[in-house]
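Engineer: Quick note: the sequence shown uses numbering that gives the first Met the number 0, first residue 0, plus one each step.
All C-beta atoms, glycine included, are put in the ideal place defined by N, C-alpha and C.
Here the structure is a predicted model, which is why all the values come from computation and not from measurement.
Sharing a structure below in structure tokens format, with a few things to ask.
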Amino acid sequence: MQPIRATATEIPLPVQNSSSTGKTRVGINGFGRIGRLVLRVATFRDDIDVVAINDPFIDAKYMAYMFKYDSTHGPFKGTIKVLDESTLEINGKQVKVVSKRDPVEIPWGDFGADYVIESSGIFTTLEKASSHLKAGAKKIIISAPSADAPMFVVGVNEKTYNSNMDIVSNASCTTNCLAPLAKVVHEEFGIVEGLMTTVHATTATQKTVDGPSMKDWRGGRGAAQNIIPSSTGAAKAVGKVLPELNGKLTGMAFRVPTANVSVVDLTCRLQKNASYEDVKAAIKLASEGQLKGILGYTDEDVVSNDFIGDSRSSIFDAKAGIGLSKSFVKLVSWYDNEWGYSNRVLDLVGHMALVGAQN
Numbered sequence: 000m001q002p003i004r005a006t007a008t009e010i011p012l013p014v015q016n017s018s019s020t021g022k023t024r025v026g027i028n029g030f031g032r033i034g035r036l037v038l039r040v041a042t043f044r045d046d047i048d049v050v051a052i053n054d055p056f057i058d059a060k061y062m063a064y065m066f067k068y069d070s071t072h073g074p075f076k077g078t079i080k081v082l083d084e085s086t087l088e089i090n091g092k093q094v095k096v097v098s099k100r101d102p103v104e105i106p107w108g109d110f111g112a113d114y115v116i117e118s119s120g121i122f123t124t125l126e127k128a129s130s131h132l133k134a135g136a137k138k139i140i141i142s143a144p145s146a147d148a149p150m151f152v153v154g155v156n157e158k159t160y161n162s163n164m165d166i167v168s169n170a171s172c173t174t175n176c177l178a179p180l181a182k183v184v185h186e187e188f189g190i191v192e193g194l195m196t197t198v199h200a201t202t203a204t205q206k207t208v209d210g211p212s213m214k215d216w217r218g219g220r221g222a223a224q225n226i227i228p229s230s231t232g233a234a235k236a237v238g239k240v241l242p243e244l245n246g247k248l249t250g251m252a253f254r255v256p257t258a259n260v261s262v263v264d265l266t267c268r269l270q271k272n273a274s275y276e277d278v279k280a281a282i283k284l285a286s287e288g289q290l291k292g293i294l295g296y297t298d299e300d301v302v303s304n305d306f307i308g309d310s311r312s313s314i315f316d317a318k319a320g321i322g323l324s325k326s327f328v329k330l331v332s333w334y335d336n337e338w339g340y341s342n343r344v345l346d347l348v349g350h351m352a353l354v355g356a357q358n
């Protein structure tokens, strides 16, 4: 399935009735940054129908407000109304709202939500996410890395999904950026080893001013005041979606005081001799072919804000990278860590539904 290329504030296409079109019926658990943007992305698609949202911390009126107004992606250009305390109307279509802390209590089955996007950040293991299955859902997509659920990156390994898998992970936004880039470079030139750094925009878990953070002392420092070194499993996770790179990549992160859009720096040693021009050419070819819509390519003088609302997972910056020798290169690739990732979540849902229909 080709991803939808759209900005976050374009006027959504009209939504048809799901019962007559055979759309995939989806529920969203957790109405944070990803939950809300997944819903926005869904309004652009003709194969996805969001039928219910659960969030234990906000009511329908506040849901509508948070969905309508977004400081990063702008106001929602469609229509949203609160019909009652348990019903929103988005672009003329009703979406049910519930507020349950325990996923077992969410009536996904009653809502007809076959696929549930687990975006609370809490239920990220097979055991925890399985609560949604007990509540009537058929498939669960975790919008975060998982310690034990099968992990998929669209454009890289989604073809290994089979319909016996009831709970899967869409990996992280950073893994979604790095994996397509690493796939191309490894297939063309071989990656002997590599180190990744992501310069990552601020996220909701950070502090506005210095505050307690027992597990990560530096992470508790004021997000708007500091560049904060942090750990990330994104590079190691590439080894889960590209087994041939298992153990060959690791990395770290710098959290920086920007609201959105992050950038990956992959410095790697190549097996085959290749100039930086050779590497650029291979990435450009892939961006126009097998990975079009997933991997992008630019040779313009861009900065981070230029990628807000970009639906691609990874946009290679040809001017920013450098080569030291015939086997040692630094590659730079941008990603909208919110909008691009939310597009991939629904691409994975669409792929799973297609596989299910074929079986």
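Between 41, 95 and 113, which lies nearest to residue 398 when the distance is taken from Cα to Cα?
Structural biologist: Nothing in the structure corresponds to residue 398, since the chain is present only between 0 and 358.
Engineer: Cutting at 8 Å between CB atoms, please list the residues of its own chain near residue 258, excluding the five before and the five after it.
Structural biologist: Here residue 258 corresponds to residue number 259 of the sequence shown, with the count starting at 1. Correct list, in chain order: 70, 71, 200 and 201.
Engineer: Is it right to say residue 147 is buried, meaning 16 or more other beta carbons lie within 10 angstroms of its own, or is it exposed?
Structural biologist: As a position in the sequence shown, residue 147 is number 148, starting the count at 1. Classification for residue 147: exposed.
Engineer: Could you check where the alpha helix (DSSP H) with residue 173 kicks off and where it finishes?
Structural biologist: If you number the sequence shown from 1, residue 173 lands on position 174. Note, residue 173: alpha helix (DSSP H), 172-188.
Engineer: Give the list of continuous beta strand (DSSP E) stretches no shorter than 3 residues that lie fully inside the segment 303-331.
Structural biologist: You should have 313-316 and 321-324.
Engineer: Can you find the residues in the same chain that come closer than 7 Å, C-beta to C-beta, to residue 325, ignoring five residues on each side of it along the sequence?
Structural biologist: Against the sequence shown, residue 325 aligns to sequence position 326. Only 272, 273 and 274 meet the Cβ criterion.
Engineer: With a cut-off of 8 Å, do at least 3 Cβ pairs link the segment 178-193 to the segment 277-297?
Structural biologist: yes
Engineer: In this structure, how does DSSP classify residue 102 when only helix, strand and coil are distinguished?
Structural biologist: Working through the sequence shown from its first residue, we reach residue 102 at position 103. Three-state result, residue 102: helix.
Engineer: Would residue 334 be called buried (16 or more neighbouring beta carbons within 10 Å of its own) or exposed?
Structural biologist: If you number the sequence shown from 1, residue 334 lands on position 335. Under this definition residue 334 is a buried residue.
Engineer: Taking C-beta to C-beta, are residue 80 and residue 88 nearer than 9 Å?
Structural biologist: Here residue 80 refers to the residue found at position 81 when the sequence shown is read from its first residue. Here residue 88 refers to the residue found at position 89 when the sequence shown is read from its first residue. Yes. Within cutoff.
Engineer: If you follow the alpha helix (DSSP H) that residue 39 is in, where does it begin and where does it stop?
Structural biologist: Taking the first residue of the sequence shown as position 1, residue 39 is located at position 40. That run of the alpha helix (DSSP H) goes 32-41.
Engineer: Figure out for me which residue from 338, 48 and 39 has the closest Cα to the Cα of residue 63.
Structural biologist: As a working mapping, residue 63 is identified with position 64 in the sequence shown. Selected option, being the one with the closest Cα: 39.
Engineer: Assuming residue 168 is part of the alpha helix (DSSP H), what are its boundary residues?
Structural biologist: The residue you call residue 168 lines up with position 169 of the sequence shown. From DSSP, residue 168 is part of no alpha helix (DSSP H) but of the beta strand (DSSP E) over 166-168.
Engineer: From residue 34 to residue 116, what does the alpha carbon distance come to, in whole angstroms?
Structural biologist: Translated into positions along the sequence shown, residue 34 becomes position 35. Translated into positions along the sequence shown, residue 116 becomes position 117. One C-alpha to the other measures close to 8 Å.
Engineer: How should residue 60 be labelled, buried or exposed, when 16 other C-beta atoms within 10 angstroms of its C-beta is the threshold for buried?
Structural biologist: Position 61 of the sequence shown, counting from 1, holds the residue named residue 60. Exposed is the call here.
Engineer: Check the DSSP bridge columns for residue 131 and list the partner residues they point to.
Structural biologist: Translated into the one-based positions of the sequence shown, residue 131 becomes position 132. Beta-bridge pairing links residue 131 to no other residue.
Engineer: Leaving out the 5 sequence neighbours to the left and right, which residues in its chain are closer than 6 Å to residue 352 when beta-carbon positions are compared?
Structural biologist: Stepping through the sequence shown from its first residue, residue 352 is reached at position 353. Hits under 6 Å: 23.
Engineer: What are the start and end residues of the beta strand (DSSP E) that includes residue 93?
Structural biologist: Taking the first residue of the sequence shown as 1, we reach residue 93 at position 94. Unbroken beta strand (DSSP E) run through residue 93: 92-97.
Engineer: For residue 59, which residues does DSSP report across the bridge?
Structural biologist: What you label residue 59 is simply residue 60 of the sequence shown in a count that begins at 1. Residue 59 is not bridged to any residue.
Engineer: Do residue 108 and residue 91 count as a contact pair if the criterion is CB distance below 9 Å?
Structural biologist: Mapped onto the sequence shown, residue 91 falls at position 92. Mapped onto the sequence shown, residue 108 falls at position 109. Inclusion of residue 91 and residue 108 in the CB contact set at 9 Å is not warranted, their separation being larger than that value.
Engineer: Could you spell out the range, first to last residue, of the alpha helix (DSSP H) harbouring residue 53?
Structural biologist: One-based indexing of the sequence shown puts residue 53 at position 54. Element bounds for residue 53: not the alpha helix (DSSP H) but the beta strand (DSSP E), 47-53.
Engineer: Among 166, 82 and 294, which has the Cα closest to the Cα of residue 113?
Structural biologist: In the sequence shown, counting from the first residue as 1, residue 113 sits at position 114. A check of alpha carbon separations from residue 113 across 166, 82 and 294 identifies 166 as the nearest.
Engineer: Between which two residues does the beta strand (DSSP E) containing residue 261 stretch?
Structural biologist: Within the sequence shown, the letter at position 262 stands for residue 261. 261-269 is the extent of the beta strand (DSSP E) around residue 261.
Engineer: Assuming residue 80 is part of the beta strand (DSSP E), what are its boundary residues?
Structural biologist: In the sequence shown, the residue the question calls residue 80 occupies position 81. Per DSSP, residue 80 belongs to the beta strand (DSSP E) from 79-83.
Engineer: With which residues is residue 25 paired in a DSSP beta bridge?
Structural biologist: As a first step, residue 25 is located in the sequence shown; it is residue number 26 there, counting from the start. DSSP lists 49 and 114 as partners of residue 25.
Engineer: Within the same chain, show all residues whose beta-carbon is closer than 8 Å to that of residue 161, passing over the 5 residues directly before and after it, in chain order.
Structural biologist: Taking the sequence shown and counting its residues from 1, the one referred to as residue 161 is at position 162. Contacts found: 354.
Engineer: To which residues of the same chain is residue 125 closer than 8 Å at the C-beta, ignoring the five residues directly before and after it?
Structural biologist: Translated into the one-based positions of the sequence shown, residue 125 becomes position 126. For residue 125, where only same-chain residues beyond five positions count, the Cβ hits under 8 Å are 145, 147, 148 and 166.
Engineer: Counting C-beta neighbours from all protein chains within 10 Å, is the total for residue 302 16 or more, i.e. buried, or is it exposed?
Structural biologist: Looking up residue 302 in the sequence shown gives position 303. Classification of residue 302: exposed, given that the 10 Å Cβ count is below 16.
Engineer: Under a Cβ-count criterion, where at least 16 other Cβ atoms within 10 Å of its own Cβ denotes burial, should residue 304 be classed as buried or exposed?
Structural biologist: Residue numbering aside, residue 304 sits at position 305 when the sequence shown is read from its first letter. Taking every protein chain shown into account, the CB of residue 304 has fewer than 16 other CB atoms within 10 angstroms, so this residue is exposed.
Engineer: Does residue 217 pass the burial test, meaning 16 or more other C-beta atoms within 10 Å, or should it be called exposed?
Structural biologist: As a working note, residue 217 is residue 218 in the sequence shown. Per the 10 Å Cβ criterion, exposed.
Engineer: Within the continuous alpha helix (DSSP H) that includes residue 356, where are the two ends?
Structural biologist: As a working note, residue 356 is residue 357 in the sequence shown. Residues 338-357.
Engineer: Could you name the residues of the same chain whose beta carbon sits closer than 7 Å to that of residue 246, not counting the 5 residues immediately before and after it, in chain order?
Structural biologist: The residue you call residue 246 lines up with position 247 of the sequence shown. 238.
Engineer: Grab me the residues of residue 234's own chain with a C-beta within less than 7 Å of its C-beta, minus the 5 sequence neighbours each way, in chain order.
Structural biologist: What you label residue 234 is simply residue 235 of the sequence shown in a count that begins at 1. The answer, listed in chain order, is 177, 195, 248, 249 and 250.
Engineer: DSSP puts residue 253 in a beta bridge; with which residues?
Structural biologist: Stepping through the sequence shown from its first residue, residue 253 is reached at position 254. DSSP output for residue 253 lists 198 and 228 as bridge partner(s).
Engineer: Skipping 5 residues on each side, what residues in its chain have a beta carbon closer than 8 Å to that of residue 65?
Structural biologist: Start at 1 with the first residue of the sequence shown, and residue 65 comes out as number 66. Only 30, 35 and 57 meet the Cβ criterion.
Engineer: Below 8 Å on the Cβ atoms is my contact criterion, and I expect residue 169 with residue 141 to pass it. Report the Cβ-Cβ distance as a whole number of Å.
Structural biologist: The residue given as residue 169 occupies position 170 in the sequence shown. The residue given as residue 141 occupies position 142 in the sequence shown. Going by Cβ atoms, the distance from residue 169 to residue 141 rounds to 7 Å, so yes, they are a contact pair.
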